[in-house]
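J.: Read left to right, the sequence shown gives residues 1 to 214 (the UniProt record's numbering).
Glycine is no exception: its CB is placed at the ideal position from the N, C-alpha and C atoms.
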Amino acid sequence: MIIWLCNSLSPQQVKERLLAGDSIFQQELIAYLESVHKGDYFTGPQASVSDMRHAASLEPGHHDLTEVLPVSPPAHCDTDGCNDCAKGDSTDSWWSSFRSIVDMVVNKCNIHSCHRCKDNKWKRCKARFPHKIVEVSNVDDSGHINLKKLEAWINTFAPLISYIFRCNTDVTSLRSGTAIKAVLIYVTDYITKPGLKTHAIFDCIRSIFQRSRE
């Protein structure tokens with residue numbers, strides 16, 4: 001699924017703003033990107049999340065999180081000045097459970113293990129694991145955003161999507177024209193088996209854009 005935000009800046013415009021030294025824009029953009037997807041767990045490093053998931057599986061009445069429906073959050077309380085509201089307590093509890101569940105789902109479904117992915121003459125992982133660790137999100141001299149990523153063996157994911165779908169989902173922000181073209185080619189090739197020639201793929205993409213303008 002590809003989502004394009006209406007009225008958003010183009011990748012080139014974003015790059016120009018970042019290179020112009022607009023620190024407020026940079027901070028707010030990074031804060032937004034970190035709020036919608038992440039490359040690490042909520043509750044701790046991978047080893048501790050694996051231990052948490054194993055301990056949960058031993059509890060009586062345990063159900064596999066990938067086989068049960070998600071629990072919706074409690075209703076929002078609109079009462080002003082309600083400091084001891086029970087709904088507030090239940091909301092805090094729900095968010096705590098949400099973070100733990102997301103971590104355990106990601107830990108079960110998203111961890112990459114190199115097996116057939118190295119079946120090539122270079123003997124390198126086709127999925128480019130392990131990923132580079134980035135301690136703090138930053139912008140390099142070329143205007144590229146390196147988002148915080150503390151886990152090398154999982155792709156970035158959106159917590160809300162992982163919580164709802166309960167399966168392996170990867171989410172990334174397409175922050176360059178090259179990335180957008182690469183994803184469009186990948187998706188087009190994936191859904192049109194057998195594989196198309198490169199020129200046929202671009203003709204297909206062009207026709208889609210032309211129809212969307214009409």
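Exposed or buried, which one is LYS132 when buried takes at least 16 other CB atoms within 10 Å?
T.: Classification for LYS132: exposed.
J.: Tell me where the alpha helix (DSSP H) around TYR32 begins and ends.
T.: Here the alpha helix (DSSP H) through TYR32 covers 23 to 36.
J.: Thinking CYS114 and PHE129 are a contact (beta carbons under 8 Å), I'd like their distance in whole angstroms, please.
T.: Their Cβ separation, rounded to whole angstroms, is 6 Å, which keeps CYS114 and PHE129 in contact under 8 Å.
J.: Could you work out which residue in LEU5, CYS6 and PRO11 is closest to LYS181 when comparing CA atoms only?
T.: Of LEU5, CYS6 and PRO11, the residue nearest in Cα terms is PRO11.
J.: Less than 8 Å between the beta carbons of ASN107 and GLN46, yes or no?
T.: Cβ distance < 8 Å, so ASN107 and GLN46 count as in contact.
J.: Could you check whether LYS149 and VAL134 sit closer than 8 Å to each other, using their CB atoms as the reference points?
T.: Yes. Within cutoff.
J.: Helix, strand or coil for ASN168, going by three-state DSSP, please let me know.
T.: ASN168: coil per DSSP, three-state reduction.
J.: From this set, VAL105, MET104, CYS77 and ASP103, which residue's C-alpha is nearest ASP92's C-alpha?
T.: Ranking VAL105, MET104, CYS77 and ASP103 by Cα distance to ASP92 puts CYS77 first.
J.: Cβ atoms of THR43 and VAL105: under 8 Å apart, would you say?
T.: The answer is no: Cβ separation not under 8 Å.
J.: DSSP puts residue 225 in a beta bridge; with which residues?
T.: With the chain covering only 1 through 214, there is no way to say anything about residue 225.
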